[in-house]
Amino acid sequence: MVPNFEKSLKQAKRKNMIRIILITIVTILIAIPTLYLVSNKIVKRQSDQLNAELMIRNAVKEPNIQIDSQVLANSTATGGEVVSNRSKNISGYVVPWSTIRAKYSLFNYQIDHNELLAGEYSSSVNSYSYDRQTKQKIAEFYHPDITYKEVKLPNDLKKVDGKKEEVAEMALSFETPKTIKEIEKDIPSGVNLCWLYVFSSTEEKEVQGRSNDVYGFEYSKDDGDEALDYFIDNLKEWNQPFEDKEIKNFINQKKEMKELPILGVLVTGQNSDLKKLEKIPNIKASSVGVSVPKTSYIEVEK
1476 MVPNFEKSLK QAKRKNMIRI ILITIVTILI AIPTLYLVSN KIVKRQSDQL
1526 NAELMIRNAV KEPNIQIDSQ VLANSTATGG EVVSNRSKNI SGYVVPWSTI
1576 RAKYSLFNYQ IDHNELLAGE YSSSVNSYSY DRQTKQKIAE FYHPDITYKE
1626 VKLPNDLKKV DGKKEEVAEM ALSFETPKTI KEIEKDIPSG VNLCWLYVFS
1676 STEEKEVQGR SNDVYGFEYS KDDGDEALDY FIDNLKEWNQ PFEDKEIKNF
1726 INQKKEMKEL PILGVLVTGQ NSDLKKLEKI PNIKASSVGV SVPKTSYIEV
1776 EK
């Protein structure tokens, strides 16, 4: 009896071990795809949020910068990168601008803000900001409420060579805000009005020097109110993590396009047309950005 009992006990243990192994295998076979699906879902949400933030930033803070494509790179179940390829349109001449590579994972996403910061060049002769990747000069805005005691405001309109065959972008900052009707009246033929500078935060106003922390949106002559509404909607989303009171106050003004105070504009055109801008009154500063030699193969768009 005892040997049979021991044999039965061993058989029972063996069966139990096989059952545990089978259950473990089935559990693993179910768990791995489930974890993979859950991981993919979480990662997708992170990449979607990252995509949205880059698009919103472009809509409220990037003068004359277009996103040509935004794609996923090195994508896995645990993370990857969003690559935002960008350019500028200088009156029909498309030029490269810095590419943003932002990482996302299961737990968060992060934009490398070093890629977004302007480079600074300063010498006894020159002082200007430039795009870190393309090395192109950045057109800079200056707020009407800042005296800039320690900064010499640029007057690049005076330096424009009207006879030189090139196209360029120019940031015009006003002494006092203007309405869109006043601006449209001032802009001469041949000059493209591209972007409206409408707001800077309190922190920006306290900076005694140039900065590119400005807010604005793409100009639209035919759909001005729609463009403003789109900007306000994006600005609300942009401000959610920050809860900036001044941005809230700006949003709560609920102004129509025709009464919106505009602090500056970004325009593009060929040198001979940009030279006409010198006659516009109330310009506090004019700062040239990207300039491109003209070619017979590309028509200047007006």
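The sequence shown maps to residues 1476 to 1777 in our numbering.
Ideal Cβ placement from N, Cα and C applies to all residues, glycine included.
For the segment 1587–1642, the full-length beta strand (DSSP E) segments reaching 3 residues or more read 1594–1597 and 1602–1605 along the chain. In the structure shown, the three-state DSSP call for asparagine 1667 is strand. When DSSP reads this structure, glutamine 1524 sits in no beta bridge, so it has no partner. Taking a C-beta distance under 8 Å as the contact criterion, serine 1559 and threonine 1574 qualify as a contact pair. Membership of asparagine 1709 in the alpha helix (DSSP H) is indicated by the continuous run 1699–1714.
Residue Ala1527 holds the alpha-carbon nearest to the alpha-carbon of glutamine 1585 among Ala1527, Asp1661 and Ile1737. When Val1742, Asn1709 and Lys1733 are compared, the shortest CA-CA separation from isoleucine 1726 is found for Asn1709. Contact check for alanine 1646 and threonine 1743: beta-carbon distance about 11 Å, past the 8 Å limit, so the pair fails to qualify. Counting every other CB atom within 10 Å of its CB across the protein chains shown gives glutamate 1659 a total below 16, marking it as exposed. About 15 Å separates the CB atoms of valine 1635 and leucine 1741; that is not less than 8 Å, and the two are not in contact.
The Cβ atoms of glycine 1739 and serine 1602 do not sit closer than 8 Å to each other.
Residue nearest to leucine 1547 within the set Thr1509, Glu1590, Ser1522 and Ser1747 is Ser1522 (criterion: CA-CA distance). If you draw a straight line from the Cα of isoleucine 1507 to the Cα of leucine 1581, it is about 16 Å long. Isoleucine 1496 and lysine 1578 have their C-alpha atoms some 39 Å from each other. The Cβ atoms of aspartate 1587 and arginine 1561 do not sit closer than 8 Å to each other. The three-state secondary structure of phenylalanine 1725, taken from DSSP, is helix. As the crow flies, the alpha-carbon of serine 1664 is around 40 Å from that of valine 1557.
Taking every protein chain shown into account, the CB of leucine 1632 has 16 or more other CB atoms within 10 angstroms, so this residue is buried. Per DSSP, the continuous beta strand (DSSP E) segment holding lysine 1759 begins and ends at 1758–1768.
Linking asparagine 1539 to tyrosine 1623 through their CA atoms gives a straight-line distance of about 25 Å.
The count of Cβ pairs closer than 8 Å, one atom from the segment 1697–1704 and one from the segment 1761–1771, stays below three, leaving the stretches out of contact.
Where aspartate 1543 is concerned, the enclosing beta strand (DSSP E) starts and stops at 1541–1551. For lysine 1488 and asparagine 1515, the gap between their C-alpha atoms comes out near 40 Å. Going by C-alpha positions, lysine 1696 is about 15 Å away from tyrosine 1672. Per DSSP, glutamate 1657 is not a residue of any beta strand (DSSP E); the alpha helix (DSSP H) it occupies stretches across 1655–1661.
The C-alpha of leucine 1510 lies about 58 Å from the C-alpha of glutamate 1625. Leucine 1647 is bridged by DSSP to Val1740 and Ser1761. The alpha-carbon of isoleucine 1517 is positioned some 45 Å away from that of isoleucine 1621. Contact between lysine 1653 and asparagine 1757 is confirmed by a C-beta separation of about 7 Å, below the 8 Å threshold.
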